[in-house]
Amino acid sequence: MPASTLTITDNRTGKTFEIPIQDDTIRAVDLRQIKENPSDFGLMTYDPAYMNTASCKSTITFIDGDVGILNYRGYPIEQLAEDGSYLETAYLLWHGELPTAAQMEEFTASINANLNLPDSFDHFYDGFGRDAHPMSMLMAGYAGLASIYTDAKKVLDAENRKKQIFRGIAQSMTLGAYGYRFRKNLPFIKPDPKLSFAGNFLNMLFGKEADPRLVQAIDILFILHADHEQNCSTSTMRLVGSSQADPFSSLAAAAAALYGPLHGGANEAVLKMLRQIGSVDNIPGFIEKVKAGEGRLMGFGHRVYKNYDPRARIIKKAAEDVFEVTGKNPLLDVATELERIALHDEYFIKRKLYPNVDFYSGLIYEALGFPAEMFTVLFAIPRASGWLSQWEELMRDEDQKIGRPRQIYLGEGKRDYVPVANRK
Ligand code: CMC
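Residue numbers for the sequence shown follow my numbering, beginning at 75 and rising by one.
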């Protein structure tokens, strides 16, 4: 059997090195032995944006971007969306197995017992303007929880982490709902443990029990958004967590990463783009601008998927169910025609750009009555379960240490300080 190694010849020195290969990967530190001179630092890899660097070993989420496959703990996303629930998915991500009926009952009870924010949060929102972005409030909310749940600092204590994970999954939803109510200058509605997680959320937002079809649609969207392996915000969660910061501080950082328009902020950007295009007639002109480099087709393209994002397909179907209740979002025609034209255009075909999770989700959210600013919060609420599951995996991983990338220094060599009077 051929050896599972990589042989490298350094042509600077003529020396040969044999590097072990495990899981189709070599360890970057194994390259450090490759030096031109004994005093050299040794070879590094240069990988801006982590295009080809595995930062961890994980057993949570599997993506095959070329084929368009997404599995949580081995279960296809399509099956979870069809037959599962969000809380069951959160349990699965965290514990690695689907819960038994008794485990699910206990898990649901623990989530429900943790839905209420600490009492001091009643005044937390007073410092914000009514036009504050809900993502700013969510980030601040996580940081606020860090200041109250000081026991969360005991990150090396597994029992303690469990307590914080329940709080984090449950209160992400309450923070989202309260941010919405505050912006509308409406009184907060306390969670009702008799309702499902998604049902409770809609009730806390709109003050009435929602149509079960809409509850189901939100639950599906929560399942689809719950995890997506080492994306920008999850990597942020892990990087901040690697310093042994408490999980609420890490959640604040992860939410900040999600907020950007190239990540979870894309759903808000899609809606703005669709409104700007306005009608089907304006699509060809818009596409030409994108191809000329004037802006991007938001909700299209993905670092990992070079095929149709499986989540986008499920969302498109869920949108039809929602529109049956709410009436069709008039921007749907613009979106479907935009997709049709883009999928037949050489520019998008060549670059393997397909609709991603954010392309259709905003249309559902808008039909449900959410303002565009809330869309990324709707992404963050379920993603909290993924962030926290990934954080738990990190804390148990003996390979991990504080995250600390290297750099290639290309600046000035040593030079002497020049007093201001002598500077040109
Ligand atoms: N519209 C037009 N051109 C695009 C787009 C787009 N949406 N996305 C990528 N390209 C082009 C890009 O200009 C480049 O072309 P060229 O080779 O001629 O320079 C090529 O495709 C490769 O793009 P890239 O920026 O190197 O790809 P990336 O892997 O770094 O970026 C992405 C991935 C998701 C940031 C990018 O596709 C994008 O900006 N999409 C729009 C924003 C969006 O929808 N984000 C949501 C991602 S899914 C949800 C989530 O995970 O948060």
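Every residue, glycine too, gets a C-beta built ideally from N, C-alpha and C.
Contact set for Lys227: own chain, Cβ-Cβ below 6 angstroms, skip 5 residues either direction: Within the sequence shown, numbered from 1, the residue matching residue 227 stands at position 153. Within the same chain, and ignoring the five residues on either side of Lys227 in sequence, the residues whose Cβ sits closer than 6 angstroms to its Cβ are Asp320.
Reduced DSSP category for Thr224 - H, G, I as helix; E, B as strand; rest coil: Position 150 of the sequence shown, counted from the start, is the residue given in the question as residue 224. Three-state DSSP puts Thr224 in a helix.
Contact check, Thr410 vs Ala441, beta carbons under 8 angstroms: Translated into the one-based positions of the sequence shown, residue 410 becomes position 336. Translated into the one-based positions of the sequence shown, residue 441 becomes position 367. In this structure, Ala441 does not lie closer than 8 angstroms to Thr410 by Cβ.
Cβ pair Asn277, Leu288 closer than 8 angstroms: On the sequence shown, residue 277 is found 203 positions in, with the first residue counted as 1. On the sequence shown, residue 288 is found 214 positions in, with the first residue counted as 1. Their beta carbons are not under 8 angstroms apart, which means Asn277 does not touch Leu288 by this criterion.
Stretch-stretch touch, CB-based, cutoff 8 angstroms, three pairs: the stretch 131-145 with the stretch 107-118: Between the stretch 131-145 and the stretch 107-118 there are fewer than three C-beta pairs closer than 8 angstroms, too few to call the two in contact.
Bridge partner(s) assigned by DSSP for Tyr149: Counting from one through the sequence shown, the residue named residue 149 turns up at place 75. According to DSSP, Tyr149 bridges with Tyr146.
Among Tyr146, Pro261, Ile297, nearest to Gly170 - alpha-carbon criterion: The sequence position of residue 170 within the sequence shown is 96, counting from 1. Per the C-alpha coordinates, the member of Tyr146, Pro261, Ile297 positioned closest to Gly170 is Tyr146.
Three-state secondary structure (DSSP) of Thr410: Numbered from its first residue, the sequence shown carries residue 410 at position 336. Here Thr410 sits in helix by DSSP.
Contact set for Leu167: own chain, Cβ-Cβ below 8 angstroms, skip 5 residues either direction: The sequence position of residue 167 within the sequence shown is 93, counting from 1. Setting aside the 5 residues that flank it on each side, Leu167 is surrounded in the same chain by Ile134, Thr135, Tyr146, Arg147, Ala300, Asp301, Ser459, Gly460, Ser463, each with a C-beta closer than 8 angstroms to its C-beta; the list follows chain order.
Contact the stretch 442-452 vs the stretch 151-160: 3+ CB pairs below 8 angstroms: Contact between the stretch 442-452 and the stretch 151-160 is absent, because fewer than three Cβ pairs lie under 8 angstroms.
Beta-carbon gap between Leu298 and Arg425 smaller than 8 angstroms: One-based indexing of the sequence shown puts residue 298 at position 224. One-based indexing of the sequence shown puts residue 425 at position 351. The Cβ atoms of Leu298 and Arg425 lie no closer than 8 angstroms to each other.
For Trp164, the nearest candidate out of Glu472, Ile455, Met469 (CA to CA): Residue mapping note: residue 164 aligns to position 90 of the sequence shown, counting from 1. Looking at the sequence provided, one finds Ala at residue 164 rather than Trp. Relative to Ala164, the option among Glu472, Ile455, Met469 whose CA is nearest is Ile455.
Check: Val431 C-beta below 7 angstroms from any heavy atom of ligand 1: As a position in the sequence shown, residue 431 is number 357, starting the count at 1. Checking every heavy atom of ligand 1 against the Cβ of Val431, one is found closer than 7 angstroms.
DSSP three-state assignment for Lys390, whether helix, strand or coil: On the sequence shown, residue 390 is found 316 positions in, with the first residue counted as 1. Lys390: helix per DSSP, three-state reduction.
Close-in-space but distant-in-sequence residues of the same chain around Leu437 (CB under 7 angstroms, 5 per side omitted): Taking the first residue of the sequence shown as 1, we reach residue 437 at position 363. Once the five neighbours on either side are set aside, the close Cβ partners of Leu437 are Ala393, Asn403, Leu405, Leu406, Ala409.
Straight-line Cα distance separating Ala446 from Asp432: For the purposes of this step, residue 432 is identified with residue 358 of the sequence shown, where counting begins at 1. For the purposes of this step, residue 446 is identified with residue 372 of the sequence shown, where counting begins at 1. Answer to the nearest angstrom: the Cα atoms are 12 angstroms apart.
Phe422 to Ala183 span [Cα, whole Å]: Here residue 422 refers to the residue found at position 348 when the sequence shown is read from its first residue. Here residue 183 refers to the residue found at position 109 when the sequence shown is read from its first residue. Spanning the two alpha carbons is a distance of roughly 47 angstroms.
Cβ-heavy atom distance, Arg457 to ligand 1, below 7 angstroms: The residue given as residue 457 occupies position 383 in the sequence shown. Result no, Cβ not under 7 angstroms from ligand 1.
Three-state secondary structure assigned by DSSP to Lys237: Counted from its first residue, the sequence shown places residue 237 at position 163. In the displayed model, Lys237 falls within a helix according to three-state DSSP.
Same chain, Cβ closer than 8 angstroms to Asp200, neighbours up to 5 away in sequence not counted: In the sequence shown, the residue the question calls residue 200 occupies position 126. Nothing listed; no residue qualifies.
At least 3 beta-carbon pairs within less than 8 angstroms: the stretch 223-238 vs the stretch 248-257: No, because fewer than three Cβ pairs between the stretch 223-238 and the stretch 248-257 fall closer than 8 angstroms, the two stretches do not touch.
Stretch-stretch touch, CB-based, cutoff 8 angstroms, three pairs: the stretch 204-213 with the stretch 328-340: A contact is defined here as three or more CB-CB pairs under 8 angstroms, and the stretch 204-213 meets this definition with respect to the stretch 328-340.
Heavy atom of ligand 1 within 7 angstroms of His207 beta-carbon: Residue numbering aside, residue 207 sits at position 133 when the sequence shown is read from its first letter. If you check the C-beta of His207 against ligand 1, you find no heavy atom less than 7 angstroms away.
Cβ separation of Val378 and Ala291, assumed to be a contact under 8 angstroms, to the nearest whole Å: Taking the sequence shown and counting its residues from 1, one reaches residue 378 at position 304. Taking the sequence shown and counting its residues from 1, one reaches residue 291 at position 217. Their Cβ separation, rounded to whole angstroms, is 25 angstroms, which puts Val378 and Ala291 out of contact at 8 angstroms.
Validate contact between the stretch 306-317 and the stretch 468-485 using beta carbons, cut 8 angstroms, 3 pairs: Yes, since at least three Cβ pairs between the stretch 306-317 and the stretch 468-485 fall closer than 8 angstroms, the two stretches touch.
Buried or exposed (CB count within 10 angstroms, at least 16 for buried), Asn186: For the purposes of this step, residue 186 is identified with residue 112 of the sequence shown, where counting begins at 1. Burial state of Asn186 is buried, judged by a 10 Å Cβ sphere holding 16 or more other Cβ atoms.
Beta-bridge pairing of Thr99 - partner residues as DSSP gives them: In the sequence shown, the residue the question calls residue 99 occupies position 25. Thr99 pairs with Gln96.
8 angstroms Cβ cutoff met for Met469 and Val141: Residue 469 sits at position 395 when you count from the first residue of the sequence shown. Residue 141 sits at position 67 when you count from the first residue of the sequence shown. Their beta carbons are not under 8 angstroms apart, which means Met469 does not touch Val141 by this criterion.
Proximity to Arg101 [Cα-Cα], best of Asn126, Thr87, Ala232: For this step, residue 101 is matched to residue 27 along the sequence shown. Looking from the CA of Arg101, the closest CA among Asn126, Thr87, Ala232 belongs to Asn126.
Local Cβ density within 10 Å of Ile389, reported as buried at 16 or more and exposed below that: On the sequence shown, position 315 is the one that residue 389 refers to. Its Cβ being crowded by 16 or more others within 10 Å, Ile389 is buried.
Test item: CB-CB of Ile82 and Ile108 under 8 angstroms: As a working note, residue 82 is residue 8 in the sequence shown. As a working note, residue 108 is residue 34 in the sequence shown. For Ile82 and Ile108, yes; Cβs fall inside 8 angstroms.
Best match in Glu179, Gln318, Ala326, Tyr160 for proximity to Phe296 [C-alpha to C-alpha]: The sequence position of residue 296 within the sequence shown is 222, counting from 1. When only C-alpha atoms are compared, the closest one is Tyr160.
Arg312: CB within 7 angstroms of a non-hydrogen atom of ligand 1: Your numbering for residue 312 matches position 238 in the sequence shown. Checking every heavy atom of ligand 1 against the Cβ of Arg312, none is found closer than 7 angstroms.
Between the CA atoms of Ser78 and Met430 - distance to the nearest angstrom: Taking the sequence shown and counting its residues from 1, one reaches residue 430 at position 356. Taking the sequence shown and counting its residues from 1, one reaches residue 78 at position 4. Checking the sequence, you will find Asn at residue 430 rather than Met. Straight-line Cα distance between these residues: approximately 36 angstroms.
Residues sharing a beta bridge with Pro429, DSSP: As a first step, residue 429 must be located in the sequence shown, where it is residue number 355. Looking at the DSSP output, Pro429 shares a beta bridge with Phe374.
Rounded straight-line distance, which links the Cα of Leu417 to that of His337: The sequence position of residue 337 within the sequence shown is 263, counting from 1. The sequence position of residue 417 within the sequence shown is 343, counting from 1. So the alpha carbons of these two residues sit roughly 21 angstroms apart.
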